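Scroll down for the structure; my scribbles are underneath it.
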Amino acid sequence: MATLLLAQALVSIAASDDRSSVLPEDKPAGSGVPHAQDVTPTDPNASPPPTAAGVGPRLGPAADEARRAALEGALDWLAKSQAESADGSWPDDDARLRAPEAVAALCSLALMAGGSTPERGPHGAAVARGTDYLLGRIHLDPGADERGFIGSLEASDSRMHGHGLATLALAEAFSTSPTSRRGQRLLEALQLAVGLIERTQGAEGGWWYEPHRVASHEGSVTITLVQALRSARNTGIAVDAGVITRAEDYVLRSQAPDGSFRYTLGSPVTTVALTGAAISTLNAAGRYDDEVVRRGVDAIWRGLESRELEGSSERPPHPYYERFYLSQAFWNLADPTHFEKWYERELERVLSRQADDGSWSGEEQGSGYGAAYATSINALFLALPDGLLPIFQR
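Residue numbers (the working numbering): 72 to 465.
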C-alpha cells in the first residue's frame with residue numbers, strides 16, 4: 072500500500088543480536104528524507120525535495136506526466152476528504168467494513184509519500200491531523216494488557232492490522248521530524264506500540280487479530296507487524312531482534328512447495344497477494360535475493376499470467392491489498408525488470424479507474440473499506456517512483 076529509493080541501504084533489524092538504542096536526536100537509520108529542521112523552504116507549504124532523481128521505472132514522458140497528475144489529484148482528494156472530519160480521521164460513510172485506524176494510517180502514509188510531513192509540504196496540515204488522530208487512539212493504561220495498542224477494543228475490522236499500519240505511519244512521521252513538537256509524543260507512542268507487538272507474538276512466531284498473545288496466528292497480520300517493526304527500528308526505536316528472527320522463520324515455514332505463500336501455517340490457501348506480502352516481510356527482515364524470494368517471485372508471475380489467459384475469469388479478491396504489497400515486493404528485487412514489467416501494466420489499470428475528483432471506488436471487486444482506503448493505496452502506488460517515504464526506500 073509506496074515509494075522507494077536506492078540512495079541508502081536500509082538497516083536490517085535482524086542484523087543485531089541485541090536490542091538497539093533509542094536515538095531520538097539522530098537521523099533515522101536508513102532514512103533518505105530530510106528532517107523537518109533540515110528543510111527550510113521559503114514557502115511554508117513547499118514540499119521537501121526528493122532524495123534523488125530518476126529512481127523509478129522507465130516510464131515514457133507521457134505516462135509519467137499522467138502518473139504525476141493522477142497522484143496530485145489523489146492527494147488533493149485525500150486532504151479534502153479528511154477536512155470533513157472533526158478528529159483527523161477519514162470519513163467512512165461509503166464503507167461496508169470499518170477500519171478507521173488502518174485507513175487513517177494509509178492515508179497519512181500516502182500524503183507523506185507525496186512529499187508532505189507533519190506541518191510541512193502541500194498537505195502538511197492533513198498529515199499532522201492524521202498523526203494526531205493516531206496518537207489519540209493509543210491505550211495508555213499502565214495496568215492494561217492492551218497498553219500501547221492503537222485502535223478500538225470494541226468491534227473493528229482492523230484490530231492488529233490497524234495497529235501495525237498505525238505504528239508504521241507514526242514511525243514514518245517520526246523519521247522525518249524527530250525533534251519537532253510532536254517528536255517526544257511520537258517517540259513514547261512508538262516505544263509503547265513496539266512493546267505491544269513484541270509481547271503479543273505467538274509461540275509459532277506469528278500474530279493473530281487481537282492485541283493479546285494467543286495460540287492462533289495468521290500471515291497477513293504478521294506481515295503488517297513486521298513491517299511496522301522495521302520502520303520503528305529504522306528510526307532508532309529499540310526492537311528485539313529475537314522477535315524478528317521468529318517472525319522470519321514463521322514466514323519461511325509458510326512457503327508452499329510451488330513457491331507461493333500460505334495464509335497461515337498448514338493452510339492450503341495461497342494467493343498472489345499473500346505471496347507478495349510474504350516477500351515484503353522477508354525484505355523487512357533483510358532478505359532481498361535468495362532462493363526463497365526467487366521461488367516466490369516465480370509463483371507471483373505464474374499467478375498473474377494465469378489471469379491473462381483468454382477466457383480466464385479469475386480476478387484478485389483483494390485488489391488494493393495485492394497492489395500495495397506487490398509494489399514493495401517487486402521494487403526491492405535485485406532485478407528491476409520485474410518491477411518495470413509489472414508497474415507499466417498495473418499503471419494502466421489504476422489510471423483508467425480514477426474518478427474525475429481524484430478518488431477511486433472502495434467497492435472495486437468487493438473491497439469494502441471505502442474510497443479513502445482505495446485512494447490511499449493507489450496514491451502510494453503512484454508515488455512509488457518518487458522515492459520519498461523512508462520505509463519503502465531500496
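Every residue gets a Cβ at the ideal spot worked out from N, C-alpha and C, and that includes glycine.
Bear in mind the structure is a predicted one, so any value in this text is a computation, not a measurement.
Under 8 Å, do residue i and residue j count as touching if we go by C-beta distance?
i                 : j              : result
glutamate 217     : proline 282    : yes
histidine 409     : leucine 336    : no
glycine 144       : glutamine 153  : no
alanine 49        : valine 368     : The displayed coordinates of the chain run from 72 to 465. Any statement about residue 49 would go beyond what the structure contains.
aspartate 360     : alanine 405    : yes
glycine 219       : serine 229     : no
tryptophan 278    : leucine 300    : no
threonine 188     : threonine 250  : no
glutamine 262     : isoleucine 308 : yes
phenylalanine 332 : glycine 290    : yes
alanine 215       : glutamine 425  : no
arginine 167      : glycine 439    : yes
valine 340        : alanine 303    : no
Excluding the 5 residues flanking residue i on each side, which residues of the same chain have their C-beta closer than 7 Å to its C-beta?
i              : result
alanine 442    : Asp165, Ser430, Trp431, Ser432, Gly433
tryptophan 413 : Leu397, Phe401
threonine 446  : Ala145, Trp148, Leu149, Ser430, Trp431
arginine 324   : Leu336
arginine 129   : Glu411
valine 285     : Gly273, Trp279
aspartate 212  : Arg218
glycine 131    : none
leucine 224    : Glu217
In chain order, what residues of the same chain lie with their CB nearer than 6 Å to the CB of residue i, ignoring the 5 residues before and after it?
i             : result
glutamate 269 : Asp311, Val314
proline 407   : none
tyrosine 392  : Ala344
arginine 468  : The question about residue 468 has no answer, for the chain in this structure spans 72 to 465.
alanine 237   : Glu172, Ala176, Leu205, Ile221
glutamate 415 : none
glycine 233   : Ala170, Glu172, Ala173, Gly222
threonine 346 : Ser331, Phe332, Gly367, Ala370, Ile371
threonine 306 : Pro99, Ala242, Phe245, Ser246
proline 387   : Glu393
Sorted by chain position, which residues of the same chain lie with C-beta nearer than 8 Å to residue i's C-beta, five sequence neighbours on each side aside?
i             : result
glutamine 298 : Gly235, Leu239, Ser351, Thr352, Ala355, Ile462
leucine 206   : Leu241, Arg253, Arg256, Leu257, Ala260
leucine 422   : Ala137, Arg138, Ala141
aspartate 428 : Gly144, Trp148
alanine 134   : Glu415, Leu418
According to DSSP, which residues form a beta bridge with residue i?
i              : result
tryptophan 278 : Glu289
What is the C-beta distance between residue i and residue j, in whole angstroms, given that I count them as a contact (C-beta under 8 Å)?
i              : j             : result
glutamine 326  : valine 363    : 6 Å
glycine 276    : aspartate 320 : 5 Å
leucine 418    : arginine 138  : 6 Å
isoleucine 448 : leucine 177   : 7 Å
alanine 450    : glycine 185   : 7 Å
alanine 244    : valine 198    : 7 Å
alanine 157    : leucine 182   : The pair is not a contact, with the Cβ atoms about 19 Å apart (cut-off 8 Å).
Please give the ranges of any alpha helix (DSSP H) in the region 156-198, keeping only runs that are unbroken, at least 4 residues long and fully inside the region. 171-184
In chain order, which continuous runs of the alpha helix (DSSP H) of length 4 or greater are located wholly inside the region 192-251? 195-206, 231-247
At which residue ranges does the region 327-392 contain complete alpha helix (DSSP H) runs of 4 or more residues, listed in the order of the chain? 343-355, 362-378
May I have a chain-ordered list of the alpha helix (DSSP H) segments no shorter than 4 residues that lie completely inside the region 408-444? none
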